[in-house]
Amino acid sequence: MVKREEIERLGDLIKIELKNPEKYVKQVEQIINYFERLDKLEISSDKILTHELTLDKLREDKHIPYEEKIIEKLKHTKENFVKAPKMI
Amino acid sequence: MGLEISATQYLQQIKNGSTSVEEYVAKTLERIKKVEKKVHAFISVNENALTQAKQVDKKLKAKEKVGSCFGMPISIKDNICTKGMKTTCASKMLEDFVAPYDATVVSRLKSQDSIIIGKVNLDEFAMGSTTEFSYFGPTKNPWNTGYVPGGSSGGSGVSVSALECLASLGSDTGGSVRSPASFCSVVGLKPTYGLVSRYGLVSFANSIEQIGPLARTVEDVAFILNIISGRDSHDNTTLDNGNPDYTKDLDAGISGKKIGIISEMIGDGVDKDVAAATNRAISKLQRLGAECIPVSIDSAVHSVAAYYTIASAEASSNLARYDNVRYGFNFDLEGYEFNAYISKTRSSFGPEVTRRMLLGAFVLSAGYYGKYYLKAQKVRSMIKSQLDEAFKKVDLLVAPTMPILPFKIGEKIDDPLTLYLLDINTIIANLAGIPAISVPYELAHGLPIGIQFFANAMQEKLLLQAAYALHKTTNLPEVPI
């Protein structure tokens, strides 16, 4: 059973202000109930599929000069700094 | 109109001089202007397309070296970065984001003198199966504009189907290329994981997604795959495929090939018109000399639960970067404490993106990780093992791409689980990293039905040969728009 408090806690975790948490309670519960089938599965193997990445194909570790256009689309800047909301 | 040609036919026409790039691109832009009101496939159209077309014509006239696309107009899903053009991911969060670089697939197409005709619609951040979850509004199916075009690469499927371009690039995380290909009656390929570079694809679920081409014919899809596939130093997951020519030997036929019919995908829950069309396709494959036998991949029944657990978990982590500080829309900082500001602006995410992040945070929470996420990873491994076993006995697998026909816009929008379950036939390819292709096969009640083939990893050549053989037997009408 998924409760409203649980959805609100998750909303805090993913940093989204939920305008209508109630709307998600039923839907998330329905989907989690469907996921229950995973918990019920008996799988003896511990094998997990991973993509093997080797380190021999890495590109050269080269400095790429900074370009103005990286920050020109930012909404809040001052000189070359990004303005962020107040932390303390 | 002259637009009802394949990309391959376009190349012939340009090479033999029966049309110019400018003429074709101008007609394409006119077509876009005419049908966009009805289908809404594009988020933005390239304003410089005509100038670029003239430049290719100039090179042709001066007998300079011209890239293999010869000015071919191609649309790009709007979650693939294009330098100097917006890449919105159909989200308010990126409503005016312009990437400072091209994705590898885009730079490769441009280096072959293709023309990026525009950026096409998708479900926000590619999360959805109908293209209804776009911040810019839904895309409509050109076969019946009251119906969904599939998704999430709905704009890609529709732009090709409605003759607004010759090919498109989409991305396929759980079926997002094949679903619109099936619903819009075009060919759509999801390549082997690692065959195509994801550099410049806005991440949603990195371990399963791939960029893939959509086009009118199998040959066209093979042509685009030639250009976009292969090793890329910007994406360490890419594989060295030795750069084969995928368009070569497409007509090799399927005589003597063994094709497994996936039992779990043609039984319960499959629409009767879709099942009947699939059975007719199987008979056709037999007449073409293939041996078709039933094959069971019983772990596939758990694929939807495993997929949505893994994809949501990866999504909740990937989308954490959208804090409206580095990316975002204009929203005043004053009066907000740091976390409150981020939470407030992130409430602009649409309902499906929010739902997936809630689910992702849930399955990764302490106490639940072993129940869901770890189990999902084990199911994924089980699916891969069963497919490996199957490919010891058969060369290819076949199933309908979508279990049902296209449905009305709005019909399932408030029922997320029902929408998730529609991915049941496509997801195994993503979880196992194998290639799959959807081929337009029939129409029922004026709505398209696609047939899907799967092959083992890196067996794109074989996959394309089978798709080509089946597609050649069809004679489908032109789109009624």
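Top line first, the protein sequences correspond to chains A and B.
Per this note's numbering: the first sequence = residues 30 to 117.
Per this note's numbering: the second sequence = residues 64 to 544.
Glycine included, C-beta positions come from ideal geometry on N, C-alpha and C.
Worksheet item: Under the three-state reduction of DSSP, which class applies to Lys155 (chain B): helix, strand or coil?
Response: Position 92 of the second sequence, counted from the first residue, corresponds to residue 155 (chain B). In the structure shown, Lys155 (chain B) falls within a helical segment according to DSSP collapsed to helix, strand and coil.
Fill in: Beta bridge counterpart(s) of Ser410 (chain B) as assigned by DSSP
Along the second sequence, read from residue 1 onward, the residue named residue 410 (chain B) stands at position 347. Paired residue(s): none; Ser410 (chain B) is not in a bridge.
Worksheet item: From Lys335 (chain B) to Ala363 (chain B), what does the alpha carbon distance come to, in whole angstroms?
Response: Here residue 335 (chain B) refers to the residue found at position 272 when the second sequence is read from its first residue. Here residue 363 (chain B) refers to the residue found at position 300 when the second sequence is read from its first residue. When rounded, the separation of the alpha-carbon atoms in Lys335 (chain B) and Ala363 (chain B) is 21 Å.
Practice prompt. Find out if the Cβ-Cβ distance for the pair Ser216 (chain B), Lys117 (chain B) is shorter than 7 Å.
Written response: Sequence index remark: in the second sequence, residue 216 (chain B) carries index 153 (1-based). Sequence index remark: in the second sequence, residue 117 (chain B) carries index 54 (1-based). Their beta carbons are not under 7 Å apart, which means Ser216 (chain B) does not touch Lys117 (chain B) by this criterion.
Item to complete: Please confirm whether Ile472 (chain B) and Pro243 (chain B) have their CB atoms less than 7 Å apart.
Response: The residue given as residue 472 (chain B) occupies position 409 in the second sequence. The residue given as residue 243 (chain B) occupies position 180 in the second sequence. It is not a contact, given that the beta carbons lie outside the stated cut-off.
Item to complete: With Gly251 (chain B) as the anchor, note down where its alpha helix (DSSP H) starts and where it stops.
Response: Locating residue 251 (chain B) in the second sequence gives position 188, where the first residue counts as 1. Here Gly251 (chain B) belongs to no alpha helix (DSSP H); instead the beta strand (DSSP E) covers Val250 to Lys253.
Fill in: chain A contact for Pro163 (chain B) (CB, 7 Å cutoff)
Reading the second sequence from its first residue, position 100 is the one you call residue 163 (chain B). Yes, contact with chain A.
Discussion item. In this structure, how does DSSP classify Glu400 (chain B) when only helix, strand and coil are distinguished?
Written reply: Your numbering for residue 400 (chain B) matches position 337 in the second sequence. It is a strand residue.
Practice prompt. Decide if His611 (chain B) is buried, meaning its Cβ has at least 16 other Cβ atoms within 10 Å, or exposed.
Written response: Residue 611 (chain B) lies beyond the range of chain B shown here (64 to 544); nothing can be said about it.
Worksheet entry | Helix, strand or coil at Phe196 (chain B) [DSSP, three-state] | On the second sequence, position 133 is the one that residue 196 (chain B) refers to. Coil, per DSSP.
Discussion item. Strictly under 7 Å for the Cβ-Cβ distance: is Val11 (chain A) near chain B by that measure?
Written reply: Within the shown structure, residues of chain A are numbered from 30 to 117, placing residue 11 (chain A) beyond reach of any answer.
Practice prompt. Quick one: which residues of the segment 85-98 of chain A get their C-beta closer than 9 Å to a C-beta of chain B? List them in chain order.
Written response: Those residues of the segment 85-98 of chain A that come within reach of chain B (Cβ to Cβ, closer than 9 Å) are Lys86, Leu87, Arg88, Glu89, Glu96 and Lys98.
Item to complete: Would you list, in chain order, the members of the segment 479-513 of chain B that have their beta-carbon closer than 9 Å to a beta-carbon of chain A?
Response: Going along the segment 479-513 of chain B in chain order, one finds Pro479, Leu480, Tyr483, Leu484, Leu494, Ala495 and Gly496 with a Cβ nearer than 9 Å to chain A.
Worksheet item: Alpha carbon to alpha carbon, how far is Glu570 (chain B) from Ser248 (chain B)?
Response: Since the first and last residues shown for chain B are 64 and 544, residue 570 (chain B) lies out of range.
Worksheet entry | Those residues which DSSP pairs with Asp334 (chain B) across a bridge | By 1-based counting over the second sequence, the position of residue 334 (chain B) is 271. None; Asp334 (chain B) has no bridge partner.
Worksheet item: Cβ atoms of Leu510 (chain B) and Pro469 (chain B): under 7 Å apart, would you say?
Response: On the second sequence, residue 469 (chain B) is found 406 positions in, with the first residue counted as 1. On the second sequence, residue 510 (chain B) is found 447 positions in, with the first residue counted as 1. Yes, the Cβ-Cβ distance between Pro469 (chain B) and Leu510 (chain B) is below 7 Å.
Worksheet entry | Assigned secondary structure, Lys321 (chain B) (DSSP; H/G/I helix, E/B strand, else coil) | Mapped onto the second sequence, residue 321 (chain B) falls at position 258. DSSP places Lys321 (chain B) in strand when its eight states are reduced to three.
Practice prompt. Mark Arg350 (chain B) as exposed unless 16 or more other C-beta atoms lie within 10 angstroms of its C-beta, in which case mark it buried.
Written response: By 1-based counting over the second sequence, the position of residue 350 (chain B) is 287. Burial call: exposed.
Practice prompt. Output the boundary residues of the beta strand (DSSP E) element that contains Gln72 (chain B).
Written response: One-based indexing of the second sequence puts residue 72 (chain B) at position 9. No beta strand (DSSP E) contains Gln72 (chain B), which is instead part of the alpha helix (DSSP H) from Ala70 to Lys78.
Worksheet item: What residues in the segment 404-416 of chain B have a beta carbon less than 7 Å from any beta carbon of chain A?
Response: Result list: Tyr404, Ile405, Ser406, Lys407, Arg409, Ser410 and Phe412.
Practice prompt. Tell me, please, whether the CB atom of Phe64 (chain A) is closer than 7 Å to any CB atom in chain B?
Written response: As a first step, residue 64 (chain A) must be located in the first sequence, where it is residue number 35. Yes, Phe64 (chain A) lies at the interface with chain B (some Cβ there is under 7 Å from its Cβ).
Worksheet item: Near Met190 (chain B), what residues of its chain come up, given a Cβ to Cβ distance below 6 Å and the 5 sequence neighbours on each side ignored?
Response: In the second sequence, the residue the question calls residue 190 (chain B) occupies position 127. Hits under 6 Å: Glu415, Val416 and Arg419.
Worksheet item: Beta-carbon separation of Gly433 (chain B) and Ser245 (chain B) under 7 Å?
Response: As a position in the second sequence, residue 433 (chain B) is number 370, starting the count at 1. As a position in the second sequence, residue 245 (chain B) is number 182, starting the count at 1. No, these two residues do not count as a Cβ contact at 7 Å.
Worksheet item: Are Arg88 (chain A) and Ser296 (chain B) close, meaning C-beta to C-beta below 7 Å?
Response: Here residue 88 (chain A) refers to the residue found at position 59 of the first sequence. Here residue 296 (chain B) refers to the residue found at position 233 of the second sequence. For Arg88 (chain A) and Ser296 (chain B), yes; Cβs fall inside 7 Å.
Fill in: Buried versus exposed, by CB contacts within 10 Å (16 or more), Asn342 (chain B)
Numbered from its first residue, the second sequence carries residue 342 (chain B) at position 279. Exposed is the call here.
Worksheet item: So is Asp451 (chain B) buried or exposed if we call it buried at 16+ other beta carbons inside 10 Å?
Response: Translated into the one-based positions of the second sequence, residue 451 (chain B) becomes position 388. Of the residues assessed, Asp451 (chain B) falls on the exposed side of the cut-off, its CB having fewer than 16 other CB atoms within 10 angstroms.
Worksheet entry | Members of the segment 429-449 of chain B near chain A, C-beta cut-off 7 Å | Shown in chain order are the members of the segment 429-449 of chain B whose Cβ falls below 7 Å from a Cβ of chain A: Lys434, Tyr435, Lys438, Ala439, Gln440, Lys441, Val442, Arg443, Ser444, Met445 and Lys447.
Worksheet item: So, helix, strand or coil for Pro479 (chain B), using DSSP?
Response: Stepping through the second sequence from its first residue, residue 479 (chain B) is reached at position 416. In the structure shown, Pro479 (chain B) adopts helical secondary structure according to DSSP, grouped into three states.
Worksheet item: For the beta strand (DSSP E) that Val240 (chain B) lies in, which residues bound it at each end?
Response: The residue labelled residue 240 (chain B) in the question sits at position 177 within the second sequence. Counted as a single uninterrupted DSSP element, the stretch harbouring Val240 (chain B) is not any beta strand (DSSP E), since DSSP gives it neither H nor E.
Discussion item. Does Lys203 (chain B) pass the burial test, meaning 16 or more other C-beta atoms within 10 Å, or should it be called exposed?
Written reply: Here residue 203 (chain B) refers to the residue found at position 140 when the second sequence is read from its first residue. Buried, because 16 or more other Cβ atoms sit within 10 Å of the Cβ of Lys203 (chain B).
Item to complete: Please say whether Ser224 (chain B) and Val542 (chain B) have beta carbons closer to each other than 7 Å?
Response: Position 479 of the second sequence, counted from the first residue, corresponds to residue 542 (chain B). Position 161 of the second sequence, counted from the first residue, corresponds to residue 224 (chain B). In contact: Val542 (chain B) and Ser224 (chain B) (Cβ atoms closer than 7 Å).
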